[in-house]
Amino acid sequence: MSPDNGKVQIPWQLAEQIIHTEMSITTLRLLFSMLHQLDLADLDYQDASLEPPTIWASCAALRARVGPKRPNGARDMRTALRELLNIGYLEAGALLDRNTIFQWQFSSAVWAHMQNRPSDFYVLIDLDELAKCQSWFTLMIYVQMRKIRGCAAPQFRVGIDQDASIAAQTKRLLGATQRVAGILDVTCYVSLNYASHAPIPHHFLIKMTHAKTRWYKHAYLKFSPKTKIWRVDSTTSKRSDPRTIMQNRADKMAQDVAG
Numbered sequence: 325m326s327p328d329n330g331k332v333q334i335p336w337q338l339a340e341q342i343i344h345t346e347m348s349i350t351t352l353r354l355l356f357s358m359l360h361q362l363d364l365a366d367l368d369y370q371d372a373s374l375e376p377p378t379i380w381a382s383c384a385a386l387r388a389r390v391g392p393k394r395p396n397g398a399r400d401m402r403t404a405l406r407e408l409l410n411i412g413y414l415e416a417g418a419l420l421d422r423n424t425i426f427q428w429q430f431s432s433a434v435w436a437h438m439q440n441r442p443s444d445f446y447v448l449i450d451l452d453e454l455a456k457c458q459s460w461f462t463l464m465i466y467v468q469m470r471k472i473r474g475c476a477a478p479q480f481r482v483g484i485d486q487d488a489s490i491a492a493q494t495k496r497l498l499g500a501t502q503r504v505a506g507i508l509d510v511t512c513y514v515s516l517n518y519a520s521h522a523p524i525p526h527h528f529l530i531k532m533t534h535a536k537t538r539w540y541k542h543a544y545l546k547f548s549p550k551t552k553i554w555r556v557d558s559t560t561s562k563r564s565d566p567r568t569i570m571q572n573r574a575d576k577m578a579q580d581v582a583g
């Protein structure tokens, strides 16, 4: 069996598909744990002729890192089995030995993604971190932030839902970002950006900074003068004045020049 470091490398195309597929948060977390079990099974990923293998794990092992850790977890496993079969991520699956063993076969599409994992376009999921995501939206933000955390200047967009109020979307995004900022030990600057053709909200932009980021000229503080900006860390999410942000950036650049 391969060493278990509690992490699983997932091709970004598959990860993005997973986080935008409708399923319960418990099933979503268990799916990542099941993908992790593939690596523990010591399979020959280089054998192109290999069909999606049937593997198994104890339900307790699958839940150990990602939850749920309650004693009656069999109900959650049954729900996960049903959802994953209906979605098409599993070709087959069963609960064995009085609901203590989970046996499954991934679909050909999922197996193909895991067989051909690119070395430069993936996300490394930490299951212990993933377990702290208690909603789909928080998990979605976590996966995106986890993917780019190691970049020199990590940033990404979150689209606007035209059917929900901006106030509600802002509250949800700031809450999820604060949660993930604590998980990943980062500070984020969140801005609400408008469309270029009309004064209507278009997307949120999240810029991340931590000890190892290398933003050119402190560009994580670069925003247009009228942009709504929030500074978010593990403890607070606070609205920031764009002028204060711009002055902070100017001061940091001056310090760089002064050495």
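To convert, count from 1 in the sequence shown and add 324; that's the numbering used here.
Backbone N, C-alpha and C define an ideal beta-carbon position, used for all residues, glycine too.
**Study point:** Reference residue 462, options 330, 574, 352, closest by Cα
**Key:** For the purposes of this step, residue 462 is identified with residue 138 of the sequence shown, where counting begins at 1. It is 352 whose Cα lies nearest to the Cα of residue 462.
Check your understanding: Nearest CA to the CA of residue 346: which residue from 363, 497, 411?
Key -> Within the sequence shown, residue 346 is the residue found at index 22, counting from 1. Checking every option, the nearest Cα to that of residue 346 belongs to 411.
Practice item. Give the DSSP-derived three-state secondary structure of residue 450 in the structure shown. Key: Sequence index remark: in the sequence shown, residue 450 carries index 126 (1-based). Note: residue 450 maps to strand in three-state DSSP.
Review point. How long is the line joining the alpha carbons of residue 577 and residue 567, rounded to whole angstroms?
Key: What you label residue 577 is simply residue 253 of the sequence shown in a count that begins at 1. What you label residue 567 is simply residue 243 of the sequence shown in a count that begins at 1. Their backbone Cα atoms lie some 15 Å apart in a straight line.
Review point. How far does the beta strand (DSSP E) with residue 564 in it reach, from first residue to last?
Key: Counted from its first residue, the sequence shown places residue 564 at position 240. Here the beta strand (DSSP E) through residue 564 covers 561-564.
**Study point:** Through-space distance from residue 429 to residue 439, alpha-carbon basis
**Key:** The residue labelled residue 439 in the question sits at position 115 within the sequence shown. The residue labelled residue 429 in the question sits at position 105 within the sequence shown. About 14 Å.
Check your understanding: When we look at the beta-carbon of residue 383 and count the other beta-carbons within 10 Å, is it buried (16 or more) or exposed?
Key -> Here residue 383 corresponds to residue number 59 of the sequence shown, with the count starting at 1. So residue 383 counts as buried.
Check your understanding: Residue ranges of each alpha helix (DSSP H) run of no fewer than 4 residues wholly in the segment 337-386, ordered along the chain?
Key -> 349-364
Practice item. Tell me whether residue 584 sits in a helix, a strand or coil according to DSSP, three-state version. Key: Nothing in the structure corresponds to residue 584, since the chain is present only between 325 and 583.
**Study point:** Buried versus exposed, by CB contacts within 10 Å (16 or more), residue 366
**Key:** Looking up residue 366 in the sequence shown gives position 42. Answer is exposed; the Cβ neighbour count stays below 16.
Review point. Would you call the segment 332-349 and the segment 437-453 in contact, with 3 or more CB pairs under 8 Å?
Key: yes
Check your understanding: Alpha carbon to alpha carbon, how far is residue 512 from residue 350?
Key -> Along the sequence shown, read from residue 1 onward, the residue named residue 512 stands at position 188. Along the sequence shown, read from residue 1 onward, the residue named residue 350 stands at position 26. Computed Cα separation, rounded: 27 Å.
Point to revise | Reduced DSSP secondary structure (H/G/I, E/B, other) of residue 429 | key: Here residue 429 is taken as the residue at index 105 of the sequence shown, counted from 1. It is a strand residue.
**Study point:** Through-space distance from residue 360 to residue 493, alpha-carbon basis
**Key:** Taking the sequence shown and counting its residues from 1, one reaches residue 493 at position 169. Taking the sequence shown and counting its residues from 1, one reaches residue 360 at position 36. Each residue's alpha carbon lies about 32 Å from the other.
Review point. What do you reckon, are the CB atoms on residue 480 and residue 515 nearer than 7 Å?
Key: Locating residue 480 in the sequence shown gives position 156, counting from the first residue. Locating residue 515 in the sequence shown gives position 191, counting from the first residue. Cβ distance not < 7 Å, so residue 480 and residue 515 don't count as in contact.
**Study point:** Contacts around residue 509, its chain only, beta-carbon distance under 7 Å, and the 5 residues preceding and following it disregarded
**Key:** Translated into positions along the sequence shown, residue 509 becomes position 185. Same-chain partners within the cutoff: 534.
Review point. Is residue 477 helix, strand or coil by DSSP?
Key: The sequence position of residue 477 within the sequence shown is 153, counting from 1. Residue state, collapsed to three classes: coil.
Practice item. Report all residues from its chain with a CB closer than 6 Å to the CB of residue 502; omit the five preceding and five following residues, and keep chain order. Key: Numbered from its first residue, the sequence shown carries residue 502 at position 178. Cβ within range, chain order: 556, 561.
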